[in-house]
Structure formats: structure tokens, C-alpha cells
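Numbering (this note's numbering), first residue to last: 31 to 135.
Take a look at the structure:
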């Protein structure tokens, strides 16, 4: 089963709703809570910072992958492990060209 990587901001098209959500999240963080959003269904997850984060989303049931939350997505060469931006497709160090794979930094 896949895991959901929580987001720190909501995924919304409405600027007003996004601004309101960020304001509410900031207030909760000041009061000692941690706030995240499910990477699959966008459900808001709020929990006390002294407690462990929830293991699964209450709405979609997908398991959270809290370890990858603050890691940056990159492209990685499977041979030399050099890291590239997401829009790169091939490693510049090899001939014939070696296709990059998605990974995290």
C-alpha cells in the first residue's frame, strides 16, 4: 500500500481559502499544535506537538510517511548517485546516456 506524504500547506485553488487556512494553521502552531495536510485527500491533520503524529489519515485511511515530509524531490543517477533537478532526464556524466530516477534528498 502507498503512503501519503503530508504537506505543510493545503492544496487549494482558492486564494481566499488558502490564506484563511494558513492563518488558522499559524495560530494553532503558536498554541503548540502541529498542522499538516494529507497528500492524497488534502484532509487537515492537527495534533499536539508533544504527542506522536497520527499513523493514518482519518478520511482516506492512507498511512502517513512523516519521514519524507521535509525532504526535497530530486532526480538521481542510478549509477553515480549524482542529484539533479526534477526537469532533468539524463545524467551528464555517462555515455551512452543514463536515464535519471526519482528520489528524495
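Glycine residues also receive a C-beta, built at the ideal position from the N, C-alpha and C atoms.
When the options are compared against residue i, the one with the closest alpha-carbon
{"i": "residue 127", "options": "32, 110, 92", "result": "110"}
{"i": "residue 80", "options": "59, 103, 122", "result": "59"}
{"i": "residue 90", "options": "113, 78, 73", "result": "73"}
{"i": "residue 101", "options": "134, 48, 66, 88", "result": "134"}
Residue j beta carbon less than 7 Å from that of residue i
{"i": "residue 34", "j": "residue 70", "result": "yes"}
{"i": "residue 130", "j": "residue 107", "result": "yes"}
Residue i versus residue j - alpha carbon distance
{"i": "residue 114", "j": "residue 98", "result": "18 Å"}
{"i": "residue 44", "j": "residue 119", "result": "33 Å"}
{"i": "residue 15", "j": "residue 53", "result": "Nothing about residue 15 can be read from this structure; the chain reaches only from 31 to 135."}
{"i": "residue 104", "j": "residue 46", "result": "31 Å"}
{"i": "residue 55", "j": "residue 122", "result": "42 Å"}
Burial state of residue i, where buried means 16 or more other Cβ atoms lie within 10 Å
{"i": "residue 39", "result": "exposed"}
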